[in-house]
Amino acid sequence: MIQNESGAMPDMQNSRDERNIAIDRVGVRGVQYPIRVLDRQNEIQNSIGTFTLTVDLPKHFKGTHMSRFLEVLGEHAGMVSVQSIPVILAELRERLESEQSHLDVDFTYFISKPAPVTRKPGLMGYECRFEAGGGLKNDLVVQVRIPVTTLCPCSKEISDYGAHNQRGYVTVRIRAKDHIWIEEIIEKIEARASAPLYPLLKRPDEKFVTELAYDNPRFVEDMVREVSLLFNDDERITWYSVEVENHESIHAHNAYASIERTKSG
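Just so you know, we're using our numbering here: the sequence shown kicks off at 148 and counts up by one.
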């Protein structure tokens with residue numbers, strides 16, 4: 148073991164780097180840790196988050212101390228919450244002598260969703276993500292990926308009977324100046340699809356969903372425009388992006404459309 152004259156182990160990360168290049172983000176990725184998310188019905192929902200924690204690295208430092216990221220996360224005993232994220236970001240900047248810190252976390256959010264006719268209960272999982280930054284620039288982006296059913300308007304128009312449909316995925320990312328429930332985002336977007344998806348369907352439910360989709364055909368272009376109108380009318384939202392991808396049932400490709408807007412004022 149190499150030691151300096153004082154007997155302490157050398158700190159290579161704090162040694163000087165002569166290449167004169169600052170690094171935008173450096174840290175740890177793929178860290179799994181408990182997370183607590185606000186739940187409109189049950190107040191709090193516990194989940195497992197997959198974290199990326201990073202800071203900026205000044206040009207004169209050779210490296211960062213990776214263990215300190217895990218120390219900060221571990222000191223929040225119990226579970227990380229949305230409310231604790233700004234505190235974690237501040238502690239990362241202090242411990243790692245940085246001006247900007249970032250925390251990204253991916254998790255699955257579950258909603259109890261009864262079937263539309265029989266009301267049979269089931270849990271539906273939605274892929275969510277928080278992207279937070281603190282320091283020189285404070286920021287929070289909420290991302291939700293919502294699976295839906297879409298039915299092709301062209302197929303319905305040209306066919307003597309029937310129409311092809313597909314599973315679509317609507318990925319929305321928003322910045323907001325006030326709290327918006329994850330459930331609220333999901334409900335509003337599902338209402339603009341041909342039909343929602345459900346975890347459990349009996350035959351009366353399948354009939355209902357099939358006929359609902361047939362009565363509400365949607366192109367990917369229709370979906371991004373409908374969601375854009377929805378977000379334009381919501382004064383809480385200051386910026387958004389919407390991506391829609393349909394996994395086509397009769398084509399070898401997927402259909403795709405996207406819109407990104409920064410709202411004035």
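C-beta atoms are modelled at their ideal positions from N, C-alpha and C, and glycine is treated no differently.
Residue i, DSSP secondary structure in three states
i      : result
LEU344 : coil
SER375 : helix
SER388 : strand
LEU239 : helix
ALA404 : strand
ILE329 : helix
THR265 : coil
ILE397 : coil
ASP286 : strand
TYR180 : strand
ILE232 : helix
ASP171 : strand
ASP186 : strand
For residue j and residue i, the rounded distance between their alpha carbons
i      : j      : result
MET226 : GLU218 : 14 angstroms
PHE254 : ARG292 : 11 angstroms
PRO233 : ASP325 : 16 angstroms
ARG266 : ILE327 : 26 angstroms
GLU337 : PRO364 : 13 angstroms
LEU344 : LEU250 : 31 angstroms
ARG413 : PHE208 : In the structure as shown, the chain starts at 148 and stops at 412, and residue 413 therefore has no counterpart that could be examined.
GLN179 : GLY196 : 6 angstroms
GLU392 : GLU274 : 15 angstroms
ILE168 : GLN192 : 42 angstroms
ASP307 : VAL264 : 28 angstroms
TRP386 : SER411 : 9 angstroms
ARG176 : PHE216 : 10 angstroms
LEU236 : ARG339 : 36 angstroms
GLU304 : TYR403 : 21 angstroms
PHE366 : ILE384 : 25 angstroms
LEU200 : LEU220 : 9 angstroms
PRO157 : LYS206 : Confidence at PRO157 is low in this model, with a pLDDT of 49, below 50, so its placement is unreliable and the value that follows should be read with caution. Computed Cα separation, rounded: 20 angstroms.
ARG322 : ASP362 : 33 angstroms
TYR316 : GLU244 : 40 angstroms
GLN313 : MET271 : 18 angstroms
Start and end residues, beta strand (DSSP E) containing residue i
i      : result
PRO300 : Counting along the chain, PRO300 falls outside any beta strand (DSSP E), though it belongs to the alpha helix (DSSP H) covering 300-305.
ALA279 : 270-282
ALA323 : 312-323
GLU190 : 190-204
Close Cβ partners of residue i (< 8 angstroms) along its chain, the five nearest in sequence each way excluded
i      : result
ARG240 : VAL202, GLU246, GLN247, SER248, GLY281, GLY282
ILE333 : ILE258, TYR273, VAL291, ILE293
THR409 : THR385, TRP386
MET213 : GLY174, VAL175
Beta-carbon proximity list for residue i, same chain, < 7 angstroms, skipping 5 on both sides
i      : result
HIS311 : CYS299, SER302, SER396, ILE397
GLY187 : Correcting the residue identity first, residue 187 is Arg in this sequence and not Gly. The answer, listed in chain order, is TRP328, GLU330.
SER194 : ILE182, VAL184, PHE254, THR255, TYR256
HIS223 : SER231, ILE235
Residue range of the unbroken alpha helix (DSSP H) whose run includes residue i
i      : result
PHE257 : No alpha helix (DSSP H) contains PHE257, which is instead part of the beta strand (DSSP E) from 247-259.
SER214 : 213-221
GLU244 : Looking at the DSSP string, GLU244 is not in any alpha helix (DSSP H), and its letter there is neither H nor E.
PHE355 : 350-362
Beta-carbon contacts of residue i that lie in its chain and below 6 angstroms, excluding the five residues immediately before and after
i      : result
ILE406 : VAL371, SER375, VAL389
PRO261 : PRO268
LEU204 : ILE170, VAL173, THR211
ALA342 : THR296, VAL356, LEU359, ALA360
ARG276 : ASP253, GLN290
THR318 : ARG292, GLU390
ALA279 : ILE232, LEU250, LEU287
SER228 : ARG183
Any C-beta of chain D under 8 angstroms from that of residue i
i      : result
GLU274 : Looking for chain D here will not work: only one protein chain is present.
Near the ligand MG: residue i beta-carbon under 7 angstroms from a heavy atom
i      : result
MET213 : Among the components modelled here there is no ligand, and therefore nothing to report on the ligand MG.
**Message:** Tell me whether the region 369-383 and the region 344-357 touch, counting them as touching only if at least three CB pairs, one residue from each stretch, are closer than 8 angstroms.
**Reply:** no
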